[in-house]
Structures are given as C-alpha cells and as structure tokens.
Amino acid sequence: MQDKSKAWSGRFNEPVAELVKRYTASVEFDQRLAEFDIQGSLAHATMLGEQGIISAADVEAIRKGLAEILEEIRAGKFEWLLDLEDVHLNIEKRLTDKVGDAGKRLHTGRSRNDQVATDVRLWLRSVIDAVLAGIRNLQLSLLDLAELHADTVMPGFTHLQVAQPVTFGHHLLAYYEMLKRDAGRFEDCRARMNYLPLGAAALAGTSYPIDRKGVAHLLGFSGVCENSLDAVSDRDFAIEFTSAAALLMTHLSRFSEELILWSSPRFGFIDIADRFCTGSSIMPQKKNPDVPELVRGKTGRVNGHLMALLTLMKSQPLAYNKDNQEDKEGLFDTADTLLVTLEIYADLLRPPVIENDVVIKAGFKVNKEAMRLAAAEGFATATDLADYLVKKGLPFRDAHEAVALAVRSAVDRGCDLVDLSLTELQAFSPLVGEDVFDVLTLEGSLASRNHIGGTAPEQVRQAIARARQHLA
Ligand code: ARG
73 MQDKSKAWSG RFNEPVAELV KRYTASVEFD QRLAEFDIQG SLAHATMLGE
123 QGIISAADVE AIRKGLAEIL EEIRAGKFEW LLDLEDVHLN IEKRLTDKVG
173 DAGKRLHTGR SRNDQVATDV RLWLRSVIDA VLAGIRNLQL SLLDLAELHA
223 DTVMPGFTHL QVAQPVTFGH HLLAYYEMLK RDAGRFEDCR ARMNYLPLGA
273 AALAGTSYPI DRKGVAHLLG FSGVCENSLD AVSDRDFAIE FTSAAALLMT
323 HLSRFSEELI LWSSPRFGFI DIADRFCTGS SIMPQKKNPD VPELVRGKTG
373 RVNGHLMALL TLMKSQPLAY NKDNQEDKEG LFDTADTLLV TLEIYADLLR
423 PPVIENDVVI KAGFKVNKEA MRLAAAEGFA TATDLADYLV KKGLPFRDAH
473 EAVALAVRSA VDRGCDLVDL SLTELQAFSP LVGEDVFDVL TLEGSLASRN
523 HIGGTAPEQV RQAIARARQH LA
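For the sequence shown, the positions run 73 to 544 when the numbering used here is used.
Here is the structure:
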C-alpha cells in the first residue's frame, strides 16, 4: 500500500507504523524554524531561476505561494500535519497544493539535510543577535548600579571569609568583565557559524549548475561551507553556542548565589524587590529570592543541554544521521532560557529609574550600613597594616606575624584593629606611628588600591568610563 502524502513514499510497500510516525516526526518542535525555512527557500528558488534551472514563472509562483504561507503561519492559521513529518515537508506540501508543479520544483538541487542545516544556522544567528543585545542591556544595568556604588564599602571575601574591603561598584564590575567575555564568545560563535550549507544537498553536492555564493550573499552568510559532507553533518556551532550559553548561565549563577546570600537576614546586605520574590504558603514571614534561585537552577538545565548535544554528536559517522534531529529541542530551550534570564536579570540589577514619569523601583535595595559593618567586623584591613609595616622596612613575613598577633589581641578584646590605641599597636611593632590610622580605616584601605584593576573608588569610576566607551 502506498502512502502518497509522503515525499519518499514511492519506495515503500507498507505504511510507517503510527508509533514510529510519532517517534520520527519533528514538526511539533521544528515548526519554530518556519520563517527561516521560507527565507532559505526563497533564496534557493531565486538562485535556481537565475541559473536557468527553473523558469522565471516557477520562481514567481514559489515566491507568491511562500509569501501566503508565511502569512498563514504568522496568523496561526497554518495546519501542521504530523503525517508530513517536519517543517520542511509541511511547507513544501502546502506550497505544492497552492502552486502545483512549481512547488514540486523547489526542491531541485536541494535536500532536507542541507536545508535543515541552513535553517538552524539562520535561526541561531538571529538568536545570537538577541543574546548580544540582552548581554549589553544587562551590562548597562550593571554599570549604572556600579556608578551609584563606586564608594560603597563592602567586605571582599575569599573562602567566604571576610578578606579585604572592596567597593560594591568594584564587585559589580567583576560581572561586567565576565559578561564582556561571554559576549565575545557569542560573537566568535556567530562568525564561525555564518557559512552556507545549501548546495551540499544530501551529502555530496548536486549535479545542477548552482550558484552557492549567490545564495550565501542573499542570506547574509559570509561564505559557503567548503565541504558538503561537513556542511550537512556537523552541529559544532550548536554545541559552541550552548557552551557559551552554559558559561554565561554559570556566571549568572555565581551572581545569583551572592544575591541569595546577601538577601538572607544573616548578611542583610540587600533587600530584593518584592516583584522578584514569592512568599511561603506556610511560613507567613518568608520572602524568598525565587528569581536568583531559578537562575541558579536553570544553569543546570542549560549545562544539561550542552552535555546532550556533545553526546549527540559523539561518534556520528559522516555524513547526516537522523540523530541530528535531536539537536533542536535542547537548542531551542537553551535560547529561550538564556534570553528570558538576561531580560529578567537586567531588571533585577536596575537601579531606580524614572520611565514615562513613573518611578520604577530598584531591583534590590542596598543596605550600605550592613555592608560596612561586615567589613569593619572582619579585620579586613589587617593586610593594610602588614603592608604599612613593610613600607616602614619590616620584611613581609615578620609584618604578617606582627599583625596576626595584633588581630588575636583584638579578637580577645572583642574590638577591631582600628579600635586599638597607638601604644597598644606599638606593642606589636615599634615601627607603628601616628599615620597608621590612615591605613586602618576602610576608606584608607580602599583608596590605596589605586591602580588599574584595583578597588579604589577612583579606579571604579575609570573602569566604568572605559566600559561605557566600549559599549557605545
Ligand atoms: N527533520 C530533519 C532534521 O531535523 C530534517 C532532515 C531530515 N533528513 C533526512 N534525510 N531524514 O534533521
């Protein structure tokens, strides 16, 4: 029995089992590629016409038919049929229903293998552009916030123990730098991916006198994939994208972890705006930092997609294998997760702004007092005291020991180093003079780290200015 609805039905003498049909079909998810599939088909048809492979009348009919189909899809009126397997065959069948033989000629010199490789690249290219815009937006939020807090003192941590005072602005700029590298990775991925697979056909190229460079030009690719087997089979670009996405999410998960810690009453550094939090159904007092927690959680999800794609590609012989159909859902979900996370994060990090006369509250309130207190309580200026003694001539190791003893004595007395008197400090080293109190204050410590990359408020302002220039 022949099933005439199948593009490849001629060769088969029994219909595909219902379950297999559902198992192998991808239309439920790859219909998302429809606009790009049409874009690719239009360029392919134009080239076929220009090369005299199909007639100008056919090209015109295809153009008209595809334009109508695009309208139907955008209006949600297109009927996607599982029987037609995937986005490509659904659109081709509809085109043929509309324009007859011209529709059947569209697939000349083309295979679904080079077609899908092209569609995914076109789609991903537009996603990367949106991701880059999202990163930039988030970076701008970060810079605004850092500017507000160029002088705000907080404890810097190593091992989650108070280490040295830093400015909150400096801390925020660390994430600006991470995002800058993330953006670079997406740009690299885009540039490497932006080559046209069409023309590779099923795997070996085609015997028609096609013009691949012309199609590449029409579709905005930088050139053509130079090996047909590679063009239809490798999904390294999808892996690269997901890997860059996993890193970006990893960076945001680190930030999220900090926001979660800081918003805990134990730290009390920030108060996240209610619009990012939920309450508890049982504990009336709770306000939970759901958004950062979910960013942290969704990082696992994106990491999972990366593993899935790597595993999908591993050991696949050349050229196309149906395994590759499995690249899409993880890739789509990665893009969706990333884009929404970037958007929500830019809002979370936004300082208070006035938009259309309405004040939009900051994503979180900063409790400067709590930050300062935590820095003051943690002997954060101990290194400054050691550096002070070194500058007076003491070898660093001896200075380290003298300060350790001073810290121990302050711990015993329940006070900070700056609370010890001059005579008390001199007991640990006769090199201590009146000027020691300049370095023992938090502000003195911050101001002294005044070199590129350092935490001094002046450096933070300069770094923000450089960053703004970079983003301009
Ligand atoms: N739906 C398929 C995919 O996503 C399109 C290519 C199918 N090619 C084939 N020869 N079965 O990869």
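All C-beta atoms, glycine included, are put in the ideal place defined by N, C-alpha and C.
Check whether residue i and residue j have beta carbons under 7 Å apart
i: ALA272; j: ALA303; result: yes
i: LYS394; j: ASP102; result: no
i: GLU398; j: LEU421; result: no
i: ASP223; j: PRO423; result: no
i: GLY286; j: MET119; result: yes
i: ALA442; j: VAL475; result: no
i: LYS238; j: THR513; result: Looking at the sequence itself, residue 238 is Val, so the reference to Lys does not match. Contact flag unset, no.
i: ALA174; j: ALA133; result: yes
i: VAL374; j: ALA317; result: yes
i: ALA418; j: ASN209; result: yes
i: GLY486; j: ALA345; result: no
i: ALA478; j: VAL234; result: no
i: ASP488; j: ALA519; result: no
Cβ neighbour criterion (16 or more within 10 Å) applied to residue i
i: VAL192; result: buried
i: GLU19; result: As displayed, the chain neither begins before 73 nor continues past 544, which places residue 19 out of reach and without an answer.
i: VAL230; result: First, the amino acid is wrong: residue 230 is Thr here, not Val. Answer is exposed; the Cβ neighbour count stays below 16.
i: GLU157; result: buried
i: SER315; result: buried
i: GLN531; result: buried
i: VAL159; result: buried
i: THR495; result: exposed
i: SER127; result: exposed
i: PHE468; result: exposed
i: GLU90; result: exposed
i: ARG521; result: buried
i: GLY241; result: buried
i: ILE110; result: buried
i: GLN187; result: buried
i: ALA446; result: buried
i: HIS523; result: exposed
i: ARG538; result: exposed
i: LEU114; result: buried
i: PRO502; result: exposed
i: SER353; result: exposed
Spatial distance of residue i from residue j (CA atoms)
i: ASP459; j: PRO361; result: 40 Å
i: CYS349; j: LEU331; result: 12 Å
i: GLU365; j: LYS433; result: 21 Å
i: ARG92; j: GLN388; result: It is worth fixing the name first, because residue 92 is Val in this sequence and not Arg. The straight-line gap from Cα to Cα measures roughly 22 Å.
i: ASP260; j: ASN266; result: 10 Å
i: ALA255; j: ASP343; result: 29 Å
i: ARG533; j: LEU217; result: 12 Å
i: VAL430; j: ALA391; result: 57 Å
i: GLU122; j: ALA189; result: 23 Å
i: GLU415; j: GLY465; result: 53 Å
i: ARG347; j: VAL363; result: 9 Å
i: LEU492; j: LEU244; result: 33 Å
i: ARG166; j: ASP155; result: 13 Å
i: ASP283; j: VAL131; result: 16 Å
i: ASP510; j: LEU457; result: 10 Å
i: GLY372; j: LEU290; result: 38 Å
i: GLY351; j: ARG444; result: 29 Å
i: ASP169; j: ASP201; result: 35 Å
CB contact below 7 Å: residue i versus chain D
i: GLU449; result: Structure shown: chain D not included; a single protein chain is present.
The alpha helix (DSSP H) enclosing residue i, as first and last residue numbers
i: PRO529; result: 529-543
i: ILE342; result: Unbroken run through ILE342 is the beta strand (DSSP E), 342-344; no alpha helix (DSSP H).
i: GLY402; result: 399-420
i: ASN522; result: Careful: ASN522 lies outside any alpha helix (DSSP H) and carries neither H nor E.
i: ILE354; result: Careful: ILE354 lies outside any alpha helix (DSSP H) and carries neither H nor E.
i: LYS136; result: 128-146
Delimiting residues of the beta strand (DSSP E) encompassing residue i
i: ALA235; result: 233-239
i: LYS440; result: Careful: LYS440 lies outside any beta strand (DSSP E), inside the alpha helix (DSSP H) at 440-449.
i: GLY292; result: It is not in any beta strand (DSSP E) - GLY292 carries neither H nor E in the DSSP assignment.
i: GLY228; result: 225-230
i: VAL431; result: 430-432
i: GLU427; result: 425-427
- Quick one: any contact between the segment 245-264 and the segment 316-330, if contact means 3 or more CB pairs under 8 Å? yes
- Are the segment 170-180 and the segment 289-299 in contact at 8 Å, needing three or more beta carbon pairs? no
- Message: Check whether the segment 187-207 and the segment 403-415 touch, using three or more Cβ-Cβ pairs below 8 Å as the test.
- Response: yes
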